[in-house]
Structures are given as structure tokens and as C-alpha cells.
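J.:
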């Protein structure tokens, strides 16, 4: 059984798992919301239940499946998810772990996500006439890429999703040199809190510029490379 051993999960192993889930969610053309919910489910379960290292990958795909059942019209099939694990696990093991997760979380699966707040703040800036549709869309796309990087870094778990969302949008505006950047004050957070999060995100992007440029449209790649140089 996976969830009965002494805890063997570290920030590094969590980073590897989430970094693996990111291309998995792209492979299935899943929404960013599904990825965010999967990571949220993963972290909440790990905070209550020790998981053996050799079952960590199974936990990842199970959390992704649970998230997809909430927000995707066509979630991946169990067989497809198990194939990504090189068929190291059985269908029964995945279903058993799914039941364990659901009971541990008391079926409380909804959660605020960075994805939700990226959409929210983008809508706010457009309704306020602070950005053209294309500019707002570009900022959101780049911000989503930065947010993906933050999902894999456990250090960013201390920042609530709304704070991360507004700061990734602010950083995206800087990187794209937008003339009318998002007013971060609309988030309601103090300047010091916003600056702390922005500084951490800037460092994250500087250290992972190549990774970020590979997952974004070509027109954004130069912005990432310039920031990382």
C-alpha cells in the first residue's frame, strides 16, 4: 500500500513530480486550472498522509485524474495515465488511492487557484480599459508560464493564489515592457508583500529562463532570455 510508510517526500522530490506533471497536462491538452487543482490536491493530501517514495508518481497521476474530473469535459482515461507510469501500477491501485485521497480530503476538492485569479485580474484590467485585449492576453499567457514554474517550487506555497496571480501578471507586464502595466494595488495586498513575491518570482524566472522560453509561444521567448541574461 502506498500511504502507510514513513514519509519520504522532500521539497526536491515534490519538485520533480510537479515538473513531470506539467508536460503531462500539456500532453493531454488539459487546462491550467486542472494542473493547479492537481497540485493543490497533491499538497493537501501530503500534509495529512505520509506517502512512500515509490508510490509518489502514482499519487501525481491520481491527483491529476481527480482534478480533471472536476474541470475537464474529457478527462484522461485511467489506462492512459498508467501508461505514463510505464505500467508500474495497476488500475486497482490507482482507484484505491483515489478513494483514500477523497476520504482524507473529506471530498472537499474545490480550491482557489492561480489559474482562476489570472483570469479574474485579466478581466478586471480589461473592464477598466487599462489594456487592449491582445496586450492583456499576452500578459496572461506569459504570467501562466511563470506560474507554472512556481507550482514546482515548494517555497511558493507560502503565497496565496491571488497574490501569486497578480504578481505574475505584474512581472509579465515588465518582461513585455507594456506601457500600461496592471496596477497591483487592485489586489489589496500591501506594497511590501507584493514586492517580496515579485522579487522571488523574478529570481525564479532568472534561474529558469530557458525552461520558460521552451513552453511559451515564440514571440515571448526573447523576453525570457533577456530577463535571464
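Numbering (the UniProt record's numbering), first residue to last: 1 to 229. By construction, the Cβ of each residue, glycine as well, lies at the ideal position given by its N, Cα and C atoms.
For residue 187, which of 81, 201, 167 and 206 has the nearest alpha-carbon?
T.: 167
J.: Closest to residue 211 by C-alpha separation, out of 195, 120 and 23, would be which residue?
T.: 23
J.: Just confirm the distance between the C-beta atoms of residue 40 and residue 113, as a whole number of angstroms; I'd bet it's less than 8 Å.
T.: 7 Å
J.: Spatial neighbours of residue 176 within its chain, please: C-beta separation below 7 Å, excluding the five flanking residues on both sides.
T.: 138, 139, 142 and 223
J.: So which of 68, 35, 157 and 150 has the shortest CA-CA distance to residue 205?
T.: Answer by Cα proximity: 150.
J.: Alpha carbon to alpha carbon, how far is residue 91 from residue 199? Give it in angstroms, no decimals.
T.: Each residue's alpha carbon lies about 43 Å from the other.
J.: Are at least three pairs of beta-carbons, each pair with one atom in the stretch 83-103 and one in the stretch 51-60, less than 8 Å apart?
T.: yes
J.: Output yes or no for whether 8 Å exceeds the beta carbon distance between residue 154 and residue 11.
T.: Yes. Within cutoff.
J.: Which residue marks the beginning of the alpha helix (DSSP H) containing residue 117, and which one marks its end?
T.: 114-127
J.: For residue 189, does the three-state DSSP call read helix, strand or coil?
T.: coil
J.: Determine the closest residue to residue 26 out of 15, 164 and 68, with distance taken between C-alpha atoms.
T.: 68
J.: Excluding the 5 residues flanking residue 130 on each side, which residues of the same chain have their C-beta closer than 6 Å to its C-beta?
T.: 180
J.: Could you tell me which of 208, 20, 71 and 118 sits nearest to residue 165, measuring between CA atoms?
T.: The candidate whose alpha carbon is nearest that of residue 165 is 118.
J.: Determine the DSSP secondary structure at residue 1, reduced to helix, strand or coil.
T.: Note that residue 1 has pLDDT 48, beneath the 50 cutoff, so the model's placement of it is unreliable and the number below is only indicative. Under the three-state reduction of DSSP, residue 1 is assigned to coil, being neither helix nor strand.
J.: Measuring CA to CA, which of 48, 192 and 136 is closest to residue 169?
T.: Comparing Cα-Cα distances from residue 169 to each of 48, 192 and 136, the minimum goes to 136.
J.: For residue 61, which residues of its own chain have a beta-carbon under 6 Å away from its beta-carbon, when the five flanking residues on both sides are left out?
T.: 81
J.: Tell me where the alpha helix (DSSP H) around residue 23 begins and ends.
T.: Residues 11-27.
J.: Quick one: give me the first and last residue of the alpha helix (DSSP H) that residue 104 is part of.
T.: 91-104
J.: In this structure, how does DSSP classify residue 72 when only helix, strand and coil are distinguished?
T.: coil
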